[in-house]
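Quick mapping for you: the protein sequence lines, in order, are chains V and D. One point on numbering: in UniProt numbering, the residue at position 27 of the first sequence is 27, and numbering is uninterrupted. One point on numbering: in UniProt numbering, the residue at position 143 of the second sequence is 143, and numbering is uninterrupted.
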Amino acid sequence: MNDATLARPPSDAAARLGLWVLIAVITVLFLQVIQAYAVRSDSIDWQRLPALPLLGWNTLTLLLASIALQAAATHQRRRIALRAAGLFACAFLIGQLVAWQQMRSAGFLVAGNPANSFFYLLTGMHGVHVLGGLIAWGLLMIRARQGADITSGTRLCARYWHFLLLVWLLLYSVLFLIPPATLQVICGGG
Amino acid sequence: MAYPEHEHAPHSFWTRYVWSQDHKVIAVQYTITAIAVGLVALVLSNLMRLQIGFPGRFAFIDANHYYQFVTMHGMIMVIYLLTALFLGGFGNYLIPLMVGARDMVFPFLNMLSYWMYLLAVVVLMGSFFVPGGPTGAGWTLYPPQAILPGTPGSGGGIVLMLVSLAIFIVAATMGGLNYVTTVLQARTRGMTLMRLPLTVWGILVATIMALLAFPALFVSAVMMLFDKLLGTSFFMPAVVSMGQALAYKGGSPILFQHLFWFFGHPEVYIVALPAFGIVSDLISTHARKNIFGYRMMVWAIVIIGVLSFVVWAHHMYVSGMNPWFGFFFATTTLVIAVPTAIKVYNWLLTLWRGDIHLTVPMLFAIGFVSTFVIGGLTGLFLGNVSTDMPLSNTYFVVAHFHMVMGVSPILAIFGGIYHWYPKVTGRMMDDTLGKLHFWVTFVGSYAIYFPMHYLGILGMPRRYYAYDNYAFIPPSAQQLNAFITVAALVVGAFQLVFLYNLARSAFNGKPSGSNPWGSASLEWQTPENPPGHGNWGPALPEVHRWPYDYSVPGAEADFLPQTSTSPLGGDDAKPDKDTP
Chain V
1 MNDATLARPP
11 SDAAARLGLW
21 VLIAVITVLF
31 LQVIQAYAVR
41 SDSIDWQRLP
51 ALPLLGWNTL
61 TLLLASIALQ
71 AAATHQRRRI
81 ALRAAGLFAC
91 AFLIGQLVAW
101 QQMRSAGFLV
111 AGNPANSFFY
121 LLTGMHGVHV
131 LGGLIAWGLL
141 MIRARQGADI
151 TSGTRLCARY
161 WHFLLLVWLL
171 LYSVLFLIPP
181 ATLQVICGGG
Chain D
1 MAYPEHEHAP
11 HSFWTRYVWS
21 QDHKVIAVQY
31 TITAIAVGLV
41 ALVLSNLMRL
51 QIGFPGRFAF
61 IDANHYYQFV
71 TMHGMIMVIY
81 LLTALFLGGF
91 GNYLIPLMVG
101 ARDMVFPFLN
111 MLSYWMYLLA
121 VVVLMGSFFV
131 PGGPTGAGWT
141 LYPPQAILPG
151 TPGSGGGIVL
161 MLVSLAIFIV
171 AATMGGLNYV
181 TTVLQARTRG
191 MTLMRLPLTV
201 WGILVATIMA
211 LLAFPALFVS
221 AVMMLFDKLL
231 GTSFFMPAVV
241 SMGQALAYKG
251 GSPILFQHLF
261 WFFGHPEVYI
271 VALPAFGIVS
281 DLISTHARKN
291 IFGYRMMVWA
301 IVIIGVLSFV
311 VWAHHMYVSG
321 MNPWFGFFFA
331 TTTLVIAVPT
341 AIKVYNWLLT
351 LWRGDIHLTV
361 PMLFAIGFVS
371 TFVIGGLTGL
381 FLGNVSTDMP
391 LSNTYFVVAH
401 FHMVMGVSPI
411 LAIFGGIYHW
421 YPKVTGRMMD
431 DTLGKLHFWV
441 TFVGSYAIYF
451 PMHYLGILGM
461 PRRYYAYDNY
471 AFIPPSAQQL
481 NAFITVAALV
491 VGAFQLVFLY
501 NLARSAFNGK
511 PSGSNPWGSA
521 SLEWQTPENP
531 PGHGNWGPAL
541 PEVHRWPYDY
551 SVPGAEADFL
561 PQTSTSPLGG
571 DDAKPDKDTP
């Protein structure tokens, strides 16, 4: 009956749709910056950054967080998997901050070159979204402690994390793998 | 049947009216805040008209202040008044009631959305009080001038503006998630998508557009903040400012323009589509006639929404571009005239042989059609590259966009407020004052903006603080400007009549009863008026028809509410309805 499905908290279907809409918005947000990146990279002062080895390790921690959440969502030792996911996500964020430090001490300052500026901007934006995910994760942990059913919440959390992983892989490719000229062709030139 | 909401209805003043999660209260909060900040923008516009109409007479309006007034007027009106009021105000109030839901799907997020919006407004208003004052960069905030010394408010003013915009976008996204999810997931039994009132369609599509367009503004605001505060060169080219070479180099101001207008043009339709929807519902209800071509109206809304994402560069013809780009964007721009014209024809055909009641909401709705057609027609001039070039920097553009996205949406907002006021308060607004408000606003708007078309064709440049020593501007232009200023002051002053009516009627208005306009749509069929917490009492309503069953042949009343089980009337989709 409708009355039951409309009682709070929002139905699973509504929460799922809400998350999809959010993912769409965040996707557009990052695509806009990547488009700007493509346009801006077509200038003579552009000097691409070297990929730090640390960023590879960070990618691994984010991947592990995603896997742990997936495990939690599919009921395998949920508590432990959830905690591990949080831990990995925190490790990722700390790793990113250390990467910023390393970049800075290597002389790649935020205003030094537009490529540097985009590196800090994109990683920063991504980090903020991971932080948002950690808040959702924290709320989930609180609800779990209160003994509430967190099955669907965990599933949504896992989906969001997979999305963040995909965004990170895309950003990593744009920043370090795809040649700017190729990117300009993909994005339709400046 | 359990009805959990009722037990959880908030009781204390604070949870009920301040930290409320009820969509109706949040809607009122949004509306009052938007109107308050809109009043500031109205005063700013009058101040700037004082300078143009009577140059030099008011010593406190120097060039810097003038540009600050222009900038803040534009930004407040477009974002903090129109967008917030249509989506946060009307969207919040009407969506759950019109689709038959107890509330928004995520009430907490909804509350958060309002408080973020309020924070954005406070930050923006704060910029009036920082050293150097608010930004005077023009509402488009084009770099490099927006953040360089010499532009008023290039210190704290522009920073607060950008921060405020970013906060607003977070607020709008929180609200938008709710509106989309609620429309798609929380409709009551029988409420199919093709039975939604056009108001909901307009708000839904506008919300989706806002969700997809605002990120571009967010990105440009954040990147400009980087340029301003961290010294990056996203948008800033190498530049010599006040005789000093700055550290910026290689940035692209055009990139900012693309990002800004990728948001900016959809923004026009973000405020137009809800207006389309509201006007459709007002016209149908007050002409006691079903809306003509409901499905066509829905598709026109969707098509306009899609098209508006591929026209943005028509704001940049004078920035220079590949002629093929200009050709492309001129074509897409002019194509929008087709679905828009369909809507106008359908409004006229709804009115045609209708039982037209010239109530205050109806007057505003018809006024909207008039101003929108005028504003839309001048859009055809400006959509063409060759005619846009000479007109672009003149008052012709000011006249165009004020008619089409200033006056028109605000008339729809007024119409909507007069129409749904009895729903919100249970009382009617005063009719005489309402008509006075309408006629002064409507005629006054024409008095303000119609002459501006002539000034524009004459070549009078917009954005200028003063017009001394321009040989091609005849003295008569100054007289016309003085006339426009007087008209603007009168229209501005008469908005106080509206505010008085709004405030006074809440306590002294005539009790309205549950459905004063005899409206068929679902929001008027609640068990209580104004609706209580949870909207629908113990049981959700069941919907059996579209919301436009007016003057159905054979029916007893002149309308059949959406909840009626009568075999008469029915959806637009049912062809050849047999009448007994």
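Glycine included, C-beta positions come from ideal geometry on N, C-alpha and C. What you are looking at is a predicted structure, and each value in this text was computed from that prediction instead of being measured.
Contact between the region 286-303 of chain D and the region 344-362 of chain D is present: three or more C-beta pairs spanning the two stretches fall below 8 Å. Interface criterion not met: the Cβ of F325 (chain D) is under 8 Å from no Cβ in chain V.
Using a Cβ distance threshold of 8 Å, G127 (chain V) and Q101 (chain V) do not count as a contacting pair.
Below 8 Å, too few C-beta pairs join the region 74-93 of chain V and the region 30-45 of chain D to call them touching: fewer than three. Per DSSP, reduced to three states, the secondary structure at Y467 (chain D) is coil, with no helix or strand assignment. Checking the DSSP bridge columns, you'll see Y449 (chain D) has no partner listed. Not one beta carbon of chain D lies nearer than 8 Å to the beta carbon of S152 (chain V).
From the beta-carbon of Q32 (chain V), the residues of chain D found nearer than 7 Å are P215, A216, V219 and L259.
Between Q479 (chain D) and P547 (chain D), the alpha-carbon positions lie close to 50 Å from each other.
If you draw a straight line from the Cα of Y449 (chain D) to the Cα of C157 (chain V), it comes to about 52 Å.
Each residue's CA atom was taken as its position, placing Y17 (chain D) and Y93 (chain D) some 15 Å apart. A residue is called buried once 16 or more other Cβ atoms fall within 10 Å of its Cβ, and K228 (chain D) is buried on that count.
At least one C-beta of chain D is nearer than 8 Å to the C-beta of R40 (chain V). The beta carbons of Y179 (chain D) and L87 (chain D) sit closer together than 8 Å. F364 (chain D) is not a Cβ neighbour of G456 (chain D), given a cutoff of 8 Å. Within the region 219-236 of chain D, contact with chain V at the beta-carbon level (separation under 8 Å) is assigned to V219, V222, M223, F226, L230, G231, T232, S233 and F234. Spanning the alpha carbons of I76 (chain D) and G554 (chain D) requires a straight line of approximately 50 Å. Rounded to whole angstroms, the gap between the alpha carbons of P527 (chain D) and P561 (chain D) is 13 Å. Contact holds between the region 221-241 of chain D and the region 155-172 of chain D, because three or more Cβ pairs, one in each stretch, are under 8 Å apart. Membership of I303 (chain D) in the alpha helix (DSSP H) is indicated by the continuous run Y294 to L307. In the three-state reduction of the DSSP assignment, V240 (chain D) falls in the strand class, which pools E and B.
For G88 (chain D), there are no C-beta contacts with chain V under 7 Å, since the nearest C-beta of that chain is about 17 Å from it. Fully contained in the region 61-101 of chain V is no beta strand (DSSP E) run of length 3 or more. Taking a C-beta distance under 8 Å as the contact criterion, L47 (chain D) and G492 (chain D) do not qualify as a contact pair. In the three-state reduction of the DSSP assignment, R427 (chain D) falls in the strand class, which pools E and B. I484 (chain D) places its beta carbon less than 8 Å from that of G53 (chain D).
With a cut-off of 8 Å on Cβ pairs, the region 55-75 of chain D is not in contact with the region 367-384 of chain D, counting fewer than three such pairs. By the Cβ neighbour-count rule, G56 (chain V) is exposed, with fewer than 16 other Cβ atoms within 10 Å of its own. Cβ-Cβ separation between G18 (chain V) and T181 (chain D): approximately 5 Å, consistent with a contact (criterion under 8 Å). At a cut-off of 8 Å between beta-carbon atoms, S117 (chain V) makes contact with chain D. Contact of S11 (chain V) with chain D is assigned, a C-beta pair being separated by under 8 Å. Put simply, of D:V311, D:G133 and D:F168 the residue whose alpha carbon is nearest the alpha carbon of T151 (chain D) is D:G133. A straight-line Cα-Cα distance of about 49 Å links L568 (chain D) and A148 (chain V). Interface criterion met: the Cβ of S43 (chain V) is under 8 Å from a Cβ in chain D. Judged by beta-carbon spacing, F168 (chain D) lies beyond the 8 Å limit of I278 (chain D), meaning their Cβ atoms are not closer than that value. Listed along chain D, the residues sitting closer than 9 Å to G18 (chain V) by beta-carbon distance are V105, F106, L109, L177, N178, V180, T181 and Q185.
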